[in-house]
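In the UniProt record's numbering, the protein residues as written are 1 to 149.
Right under this line is the structure:
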């Protein structure tokens, strides 16, 4: 559900909450540099770009992390269909969006802070755990059976 909201740009980011008068601070809690809007939260923020770059490396995708809109377009071009690699990539995107949103909320509401490396490990674990449901993903997941450095 979080991925759906992210794709629709419907997540309640700080810039939207400020516009509604709910909060006053618009600064991103992940990078502590940019204003929190949809694009910086997903992949333009230094923190999330670092997480996604490591996930791309783990997936053996040799390119730089892109802006959210560009990443979605790239994924629609390169990783659509029913191939195992495409499924694993989409699972990694969904897990990344969820884990980053969860980290953002943990920092705001519980003052719990994790490093990018900790988020990467959690994303990799989620992909492996969810991927076990499909036997056709075994071979791809076996090739990804290590944490990215």
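Every residue, glycine too, gets a C-beta built ideally from N, C-alpha and C.
All of these numbers come straight from a predicted model, not from anything done at the bench.
Handout entry: Straight-line gap, residue 64 to residue 110 (C-alpha atoms, nearest Å)
Key = Position 64 of the chain shown, counted from the start, is the residue given in the question as residue 64. Position 110 of the chain shown, counted from the start, is the residue given in the question as residue 110. In this model, residue 64 and residue 110 are separated by some 32 Å (Cα to Cα).
Exercise for the section: Out of 115, 101 and 62, point me to the one whose CA is closest to residue 11's CA. Expected result: Position 11 of the chain shown, counted from the first residue, corresponds to residue 11. Considering only 115, 101 and 62, the residue with the shortest C-alpha distance to residue 11 is 101.
Exercise for the section: Grab me the residues of residue 97's own chain with a C-beta within less than 7 Å of its C-beta, minus the 5 sequence neighbours each way, in chain order. Expected result: Residue 97 sits at position 97 when you count from the first residue of the chain shown. Sequence-distant Cβ neighbours of residue 97 in its own chain, meaning closer than 7 Å and more than five residues away, are 2, 3, 6 and 42.
Practice task
Compute the beta-carbon to beta-carbon distance between residue 59 and residue 144, rounded to the nearest angstrom, for a pair I have assumed lies under 8 Å.
Solution key: Taking the first residue of the chain shown as 1, we reach residue 59 at position 59. Taking the first residue of the chain shown as 1, we reach residue 144 at position 144. Going by Cβ atoms, the distance from residue 59 to residue 144 rounds to 7 Å, so yes, they are a contact pair.
Practice task
Report the residue from 75, 103 and 106 whose alpha carbon sits nearest the alpha carbon of residue 91.
Solution key: Here residue 91 refers to the residue found at position 91 when the chain shown is read from its first residue. Comparing Cα-Cα distances from residue 91 to each of 75, 103 and 106, the minimum goes to 75.
Practice task
Kindly give me the distance between the Cβ atoms of residue 141 and residue 131, rounded to whole angstroms, as I take these residues to be in contact under 8 Å.
Solution key: Position 141 of the chain shown, counted from the first residue, corresponds to residue 141. Position 131 of the chain shown, counted from the first residue, corresponds to residue 131. Under the criterion of beta carbons closer than 8 Å, residue 141 and residue 131 qualify as touching, at roughly 5 Å.
Exercise for the section: State buried or exposed for residue 136, treating a residue as buried only when at least 16 other CB atoms are found within 10 Å of its CB. Expected result: Residue 136 sits at position 136 when you count from the first residue of the chain shown. Burial call: exposed.
Practice task
Inspect the beta-carbon positions of residue 139 and residue 84 and report whether they are closer than 8 Å.
Solution key: On the chain shown, position 139 is the one that residue 139 refers to. On the chain shown, position 84 is the one that residue 84 refers to. If you check the CB distance, residue 139 and residue 84 come in under 8 Å.
Exercise for the section: Go ahead and pull the three-state DSSP assignment for residue 107. Expected result: Looking up residue 107 in the chain shown gives position 107. Note: residue 107 maps to helix in three-state DSSP.
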